[in-house]
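In this note's numbering, the protein residues as written are 18 to 283.
Where is the CB? At the ideal position from N, CA and C, for every residue including glycine.
Remember, it's a predicted structure, so these values are computed and weren't measured experimentally.
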Amino acid sequence: CSRSIEAGNKAIKDEIQQLGEGNYIVEDVSNIIVLPLDLSNLRSIHQFIKQIISTNERIDYFVLNAGIMAVPKASYTVDGFEKQIGVNHYGHFYLVQGLLERIKSQAYNSRIVVLSSTAHSFGRLDFNDLHYKHGRKYSAYGSYGQSKLANILFAKSLADKLKSSKSNAVSVHPGVIRTNLYKPKGILAQVITSLIQSIVTDKTIPQGASTTLYGCLSPELDNDDLRGSYLVDCGPYQPSKDGQDVTGELRKQLWDITEKEIQLIV
18 CSRSIEAGNK
28 AIKDEIQQLG
38 EGNYIVEDVS
48 NIIVLPLDLS
58 NLRSIHQFIK
68 QIISTNERID
78 YFVLNAGIMA
88 VPKASYTVDG
98 FEKQIGVNHY
108 GHFYLVQGLL
118 ERIKSQAYNS
128 RIVVLSSTAH
138 SFGRLDFNDL
148 HYKHGRKYSA
158 YGSYGQSKLA
168 NILFAKSLAD
178 KLKSSKSNAV
188 SVHPGVIRTN
198 LYKPKGILAQ
208 VITSLIQSIV
218 TDKTIPQGAS
228 TTLYGCLSPE
238 LDNDDLRGSY
248 LVDCGPYQPS
258 KDGQDVTGEL
268 RKQLWDITEK
278 EIQLIV
C-alpha cells in the first residue's frame with residue numbers, strides 16, 4: 018500500500034524488478050498489487066480495509082511500516098490528531114482493528130509486526146494531552162518518541178488479544194537507517210541532517226529489514242514468553258520501563274483512549 022499508486026509502482030520497478038538496495042530481482046511481479054492508503058485519514062483507511070476484506074482470503078504477514086518523523090511544529094491530521102501519533106499509532110490502530118477479527122479467525126499462523134524505534138525511550142504518554150492541544154509543550158522528537166512508545170504498547174496489546182488464536186504481534190527497532198523518513202526543509206537543515214546521518218546511521222536498508230523479516234518468520238516468536246516482544250538485531254530486547262509495561266495498565270489505557278477518540282470521528 019502507498020499514499021501514491023504511482024510511487025508504489027515505481028518502488029516495484031526500481032527495487033524489485035531490477036537490482037535495487039536489496040540486490041535481487043523478481044521477474045514476475047503480477048501478484049504484487051499496490052492499493053492506496055493514507056494513514057493520516059481515517060476515511061482512506063476505512064476504504065482500504067473494505068478492499069482487503071473483499072479481495073484477500075488470508076493475511077499472513079501484516080507489517081506496519083509507515084511513519085513520519087520529527088515534524089518541526091505541532092500539526093494535525095484531517096481528523097484532528099497530532100500528526101506523528103496520528104499517523105504512526107492512530108492510523109495503524111484503526112487499520113488493524115478493522116482487520117483483527119479476520120486475523121483472529123484464521124486457522125494458520127500469522128504475524129503483525131509494528132515498526133517502533135529506539136526513540137521510544139525518550140517518549141512519554143500524557144493521556145491528558147496526547148495531541149498537544151491543552152498546554153503541553155511540543156517538541157519534534159518528544160512527539161516522535163511518544164508515537165514510538167505507543168507502537169510498542171500497541172504490539173503488546175495485540176499479542177494479548179491474539180493469545181487464543183494462531184497469530185501473534187511484535188514490535189521492531191530496525192536500526193538507524195538512511196531513508197527518506199525525515200525530509201528536512203531548507204539547504205542548511207538538509208546539510209546538517211546529512212552530516213548527522215553519516216555519523217549515526219548503523220544499517221543499510223536491507224540490514225534494517227532483517228529484524229522485520231525475523232519478526233514475520235521466526236518460529237521462536239510462537240513461544241508464549243516472547244509474545245508481544247520488542248525486537249532489535251533479530252532478537253528480543255528490553256525496552257524502556259514504560260515500554261515493558263509490566264502491569265499492562267499503560268497499554269490498556271492507550272488502547273481505550275485511542276479507540277474512544279477514533280469512535281468519536283467514525
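CA nearest to the CA of residue i, picked from the options
{"i": "Phe110", "options": "Ile49, Ile22, Ala167 and Pro253", "result": "Ala167"}
{"i": "Leu116", "options": "Ile76, Ala83, Asn126 and Gly152", "result": "Ile76"}
{"i": "Arg268", "options": "Thr221, Lys67, Gly84 and Ala172", "result": "Ala172"}
{"i": "Ser188", "options": "Asp146, Tyr158, Gly260 and Leu147", "result": "Gly260"}
{"i": "Gly162", "options": "Cys233, Thr228, His106 and Asn185", "result": "His106"}
{"i": "Cys251", "options": "Asp146, Gly225 and Ile274", "result": "Gly225"}
{"i": "Glu264", "options": "Ser174, Ser235 and Ser227", "result": "Residue 264 is actually Thr in this sequence, not Glu. Thr264 has its Cα closest to that of Ser174, out of Ser174, Ser235 and Ser227."}
{"i": "Tyr78", "options": "Glu278, Gly232 and Asn240", "result": "Gly232"}
{"i": "Ser133", "options": "Gly103, Phe144, Ser164 and Ser47", "result": "Ser164"}
{"i": "Leu179", "options": "Ile29, Arg244 and Gln35", "result": "Arg244"}
{"i": "Asp242", "options": "Glu276, Ala176, Pro223 and Thr221", "result": "Ala176"}
{"i": "Arg153", "options": "Ala91, His137 and Glu118", "result": "Ala91"}
{"i": "Ile222", "options": "Val193, Glu237 and Leu238", "result": "Val193"}
{"i": "Lys277", "options": "Ile22, Val46, Phe144 and Tyr93", "result": "Phe144"}
{"i": "Gly108", "options": "Ile66, Phe139 and Gly140", "result": "Ile66"}
Neighbour-count burial assignment, residue i, 16 or more Cβ in a 10 Å radius
{"i": "Leu170", "result": "buried"}
{"i": "Cys18", "result": "buried"}
{"i": "Asp96", "result": "buried"}
{"i": "Val113", "result": "buried"}
{"i": "Asp262", "result": "buried"}
{"i": "Lys100", "result": "buried"}
{"i": "Ala24", "result": "exposed"}
{"i": "His151", "result": "exposed"}
{"i": "Leu147", "result": "buried"}
{"i": "Ile213", "result": "With a pLDDT of only 47 at Ile213, under 50, the local geometry of the prediction cannot be trusted, and no value is derived from it."}
{"i": "Thr228", "result": "buried"}
{"i": "Leu234", "result": "exposed"}
{"i": "Thr275", "result": "buried"}
{"i": "Leu271", "result": "buried"}
{"i": "Gly84", "result": "buried"}
{"i": "Ile120", "result": "buried"}
{"i": "Ser21", "result": "exposed"}
{"i": "Pro256", "result": "buried"}
{"i": "Ser246", "result": "buried"}
{"i": "Leu281", "result": "exposed"}
Residue range of the alpha helix (DSSP H) that includes residue i
{"i": "Ser257", "result": "Here Ser257 belongs to no alpha helix (DSSP H), and DSSP marks it neither H nor E."}
{"i": "Val113", "result": "His109 to Ser122"}
{"i": "Arg60", "result": "Leu59 to Thr72"}
{"i": "Tyr231", "result": "Ile222 to Leu234"}
{"i": "Leu271", "result": "Glu266 to Gln280"}
{"i": "Ile29", "result": "Ile22 to Glu32"}
Where the beta strand (DSSP E) through residue i begins and ends
{"i": "Val189", "result": "Ser184 to His190"}
{"i": "Phe284", "result": "Residue 284 lies beyond the stretch modelled for the chain, which goes from 18 to 283, so this question has no answer here."}
{"i": "Leu238", "result": "No beta strand (DSSP E) contains Leu238, which DSSP labels as neither H nor E."}
{"i": "Ile50", "result": "From DSSP, Ile50 is part of no beta strand (DSSP E); its letter is neither H nor E."}
{"i": "Tyr125", "result": "That residue, Tyr125, is in no beta strand (DSSP E); it is neither H nor E in DSSP."}
{"i": "Phe284", "result": "The structure shown does not extend to residue 284, since the chain is modelled only from 18 to 283, so the question has no answer here."}
{"i": "Tyr247", "result": "Tyr247 to Val249"}
Cβ-Cβ separation, residue j to residue i (assumed contact under 8 Å), whole Å
{"i": "Val130", "j": "Leu81", "result": "7 Å"}
{"i": "His190", "j": "Val249", "result": "5 Å"}
{"i": "Leu56", "j": "Ile49", "result": "Contact doesn't hold; Cβ gap of about 20 Å is too wide."}
{"i": "Val88", "j": "Ser160", "result": "7 Å"}
{"i": "Asp31", "j": "Gly37", "result": "6 Å"}
{"i": "Tyr149", "j": "Tyr155", "result": "5 Å"}
{"i": "Leu59", "j": "Ile279", "result": "7 Å"}
{"i": "Gly46", "j": "Gln34", "result": "The sequence shown places Val at residue 46, not Gly. Right, the Cβ-Cβ distance comes to about 6 Å (below 8 Å), so this counts as a contact."}
Residue i at chain D interface by Cβ criterion, 9 Å
{"i": "Lys30", "result": "The structure shown contains no chain D; it is built from a single protein chain."}
Between the segment 124-142 and the segment 175-186, do at least 3 Cβ pairs fall closer than 8 Å? yes
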